[in-house]
Amino acid sequence: MSDTAAIIPGPAILTWLVVSLTTLAYIFLKGYQRRASFNRLRRQGLPMPPWNPFLGHLLALSPVLAKLPSDTQQPGAFEILCKSHEKKDGESLIYLDLWPFAADPLLVICSPTLAVQACQDHDLPRPEILHKFFDPLAGGDNLFTMNGPEWKRSRALFNPGFSSSYILQQFGQVVDEAAVYASKLREHSRQGDLFSLDKMTCWYTMDIIGAVTLNSRLHSQTRFNPLASAMRRQIRWHVLDNEFNLLVRWNPARPIFQAYNNWQMNRYISRELDKRYAEWIDDQDITVAISSSRSIIDIVLAEYMAQQQQNTKTTRPKELDPAFKKWAFAQIHVFIKETLRLFPPGSAFRRGQKDKYWPHALDFKPERWLITDPEDHLYTGRVKGGWRPFEHGPRDCIGQTLAILDLKVTLVMTVREFYVLSTYDEWDLLHAKEIRGKIKHVNGERAYQIQSGGVHPADGFPCRVRMRTEEGIVRS
Ligand code: HEM
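Going by this note's numbering, the first residue of the sequence shown is number 12, and it counts up by one from there.
Now the structure itself:
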């Protein structure tokens with residue numbers, strides 16, 4: 012090989028150089044545009060923490076994150092920033108520039124009045140950023156991310172299936188799954204072992220959603236179920252916005268595993284949909300099919316078929332319309348994924364954690380909800396729109412009646428029989444090496460909220476369970 016040939020880069024290196032330089036130029040240009048547009052907001056005097064022309068608000072965020080557990084949910088950090096940088100004379104809100112971790116400027120609202128404006132007075136569209144979070148879980152556009160007529164049509168299809176009267180008819184299904192949950196608790200109390208209540212409760216809520224939405228008992232509480240397991244794996248592979256480790260964030264194996272999990276979930280749901288369709292097609296009268304439906308998907312399917320027949324005036328096809336299947340995949344994934352939000356229910360900026368609006372905001376004071384005297388300092392009536400765990404307005408939670416029914420049935424079927432002892436101290440001793448030097452409390456709370464697809468208690472809420480005696484004394 013001649014000397015000259017040795018120093019001329021080969022086509023592979025040249026291609027790599029061109030791609031790298033183009034990517035760098037693109038990132039630089041994007042970064043410049045984002046910072047310049049945010050700088051305009053800053054010059055208008057909008058409330059925000061100290062801003063850096065190169066790093067935006069990443070510098071302001073980092074000391075706040077340093078005081079929180081590394082796995083804490085992101086809104087906790089935003090809330091702290093909001094408390095310290097909101098305009099003292101105004102409502103609680105701040106603007107944040109977190110590019111490249113968030114493409115658009117972020118407006119953090121910590122005020123009920125402004126939350127009412129954003130979600131109820133104006134039907135603001137869901138932002139693009141949600142696709143990044145939901146698409147890998149839902150496998151496509153879904154009720155959470157859709158906007159405009161597409162969302163309206165999908166929501167209208169699902170509304171009858173989530174109506175209060177219909178959900179109340181599902182009482183029996185919820186009780187069946189709650190009975191399995193109680194039997195698992197009984198088993199743990201017999202064994203006296205340390206276990207994760209969060210993990211166990213997630214399987215339980217998945218079973219409820221499977222029964223109520225799909226009319227299919229998943230039995231994930233007692234054995235392996237491909238749909239529930241693929242969903243749990245998908246959550247584990249899910250990359251969160253607060254993942255600042257770029258090696259984890261851009262792990263090349265992620266899309267492969269996510270595609271595989273999605274395929275597994277779609278295959279399971281496809282089979283269930285075929286079964287439901289076969290049942291539906293046997294029924295000659297659509298109105299009868301609606302009234303005798305046993306699950307939400309039966310109702311949605313009947314509504315959809317009624318619409319199709321009205322539009323096309325054709326007879327019933329032998330096989331279920333693939334367009335419906337594709338649409339249903341994404342919707343059903345969302346409902347199952349949503350089960351992981353059940354423990355605990357509150358998340359994002361909707362929690363009431365500001366003393367300004369809720370006296371003793373961090374204290375558990377259920378009695379505040381019973382107070383009718385407006386002079387009483389705990390009176391909740393003066394906080395209009397402050398309690399919004401399910402949001403309000405047109406995009407409120409479609410599953411809230413089911414969630415509340417589920418919570419009530421679970422409490423009725425468990426609290427009188429079992430006593431759950433939190434065992435964080437024991438867990439911390441067992442994991443002393445792993446957690447040494449790490450922050451493990453938020454506002455003095457060890458079971459602080461972490462983000463893992465939905466919001467969960469830290470470290471899965473380790474506990475032991477004991478049976479109560481009739482006198483209410485715990486049997487050891
Ligand atoms: C305690 C449990 C639950 C809580 C705290 C909760 C909370 C919420 C919240 C806050 C929203 C509004 C999101 C936003 O505005 O960005 C929402 C929307 C939604 N929730 Fe829930 N949810 C729960 C249970 C469920 C269940 C069990 C289901 C279904 C089986 C469900 C399905 C949905 C859907 C589909 C939406 C989107 C509605 C739309 O945009 O039209 N949720 N949920």
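The beta-carbon is built from N, C-alpha and C at its ideal position, and this holds for glycine as well.
Going by DSSP in three states, residue i sits in which element: helix, strand or coil?
i: I120; result: strand
i: H96; result: helix
i: I105; result: strand
i: T383; result: coil
i: P160; result: helix
i: F144; result: helix
i: Q462; result: strand
i: V191; result: helix
i: M59; result: coil
i: F429; result: strand
i: H388; result: coil
i: R234; result: coil
i: C130; result: helix
i: S303; result: Note that S303 scores a pLDDT of 49, beneath 50, so its modelled location is shaky; the value from the coordinates is reported in the next line. If DSSP states are grouped into helix, strand and coil, S303 belongs with coil.
i: R361; result: Model confidence at R361 stands at a pLDDT of 35, short of 50, so the residue's coordinates are unreliable and nothing is read from them.
i: G67; result: strand
i: P22; result: helix
i: S207; result: strand
i: H452; result: coil
i: C408; result: coil
i: P468; result: strand
i: V394; result: coil
i: R475; result: strand
i: T83; result: strand
When you compare only the Cα positions, how much space is there between residue i and residue j?
i: K449; j: P80; result: 7 angstroms
i: T3; j: D108; result: No statement about residue 3 is possible, as the shown extent of the chain runs from 12 to 487 and does not include it.
i: H199; j: T212; result: 13 angstroms
i: R427; j: M478; result: 9 angstroms
i: D115; j: Y459; result: 28 angstroms
i: W398; j: W380; result: 11 angstroms
i: D204; j: Y215; result: 19 angstroms
i: G465; j: P263; result: 23 angstroms
i: P377; j: Y315; result: 43 angstroms
i: M157; j: I140; result: 12 angstroms
i: E188; j: L229; result: 10 angstroms
i: R54; j: P61; result: 12 angstroms
i: L40; j: S95; result: 32 angstroms
i: G42; j: F65; result: 9 angstroms
i: I91; j: P111; result: 21 angstroms
i: N454; j: D374; result: 11 angstroms
i: K143; j: L70; result: 24 angstroms
i: P237; j: M276; result: 7 angstroms
i: L168; j: P86; result: 32 angstroms
i: G10; j: W27; result: Only positions 12 to 487 of the chain appear in the structure, and residue 10 is not among them; the question remains open.
i: Y435; j: S175; result: 38 angstroms
i: D209; j: C474; result: 10 angstroms
i: Y288; j: A129; result: 40 angstroms
i: S281; j: W162; result: 22 angstroms
i: P138; j: F155; result: 10 angstroms
i: G56; j: A113; result: 22 angstroms
i: R164; j: H452; result: 44 angstroms
i: G410; j: I38; result: 40 angstroms
i: N272; j: W291; result: 29 angstroms
i: R278; j: K286; result: 13 angstroms
i: V423; j: A193; result: 11 angstroms
i: I267; j: T480; result: 51 angstroms
i: I246; j: D387; result: 44 angstroms
i: A241; j: E102; result: 43 angstroms
i: S498; j: M217; result: Any property of residue 498 remains undetermined from this structure, which presents the chain solely from 12 to 487.
i: R51; j: N63; result: 13 angstroms
i: T33; j: D146; result: 28 angstroms
Tell me which residues share the same chain as residue i and place their Cβ nearer than 6 angstroms to its Cβ, disregarding the 5 neighbours each side in the sequence.
i: D417; result: V185, I219
i: R265; result: W248
i: V431; result: C474, V476
i: M12; result: Note that M12 scores 44 on pLDDT, short of 50, meaning its location in the model is unreliable and no value can be drawn from it.
By Cβ distance, which residues of its chain are closer than 7 angstroms to residue i, with the 5 residues on each side in sequence left out?
i: A88; result: L72, V75, L76, L79
i: Y390; result: I382, D384
i: D470; result: W438
Apart from the five residues just before and just after residue i, which ones in its own chain have a Cβ nearer than 8 angstroms to its Cβ?
i: R393; result: P385
i: K395; result: P123, T124, V127
i: L104; result: P58, C93, E97, L118, V119, I120, C121, S122, L125
i: S48; result: P116
i: V30; result: none
Between residue i and chain D, is the shortest Cβ-Cβ distance under 8 angstroms, so that the two count as touching?
i: K78; result: Of the protein chains in the structure, only one exists, and it is not chain D.
Practice item. For the stretch 427-443 and the stretch 398-409, state whether three or more C-beta atom pairs, one from each stretch, are separated by less than 8 angstroms. Key: Result no; under three Cβ-Cβ pairs closer than 8 angstroms.
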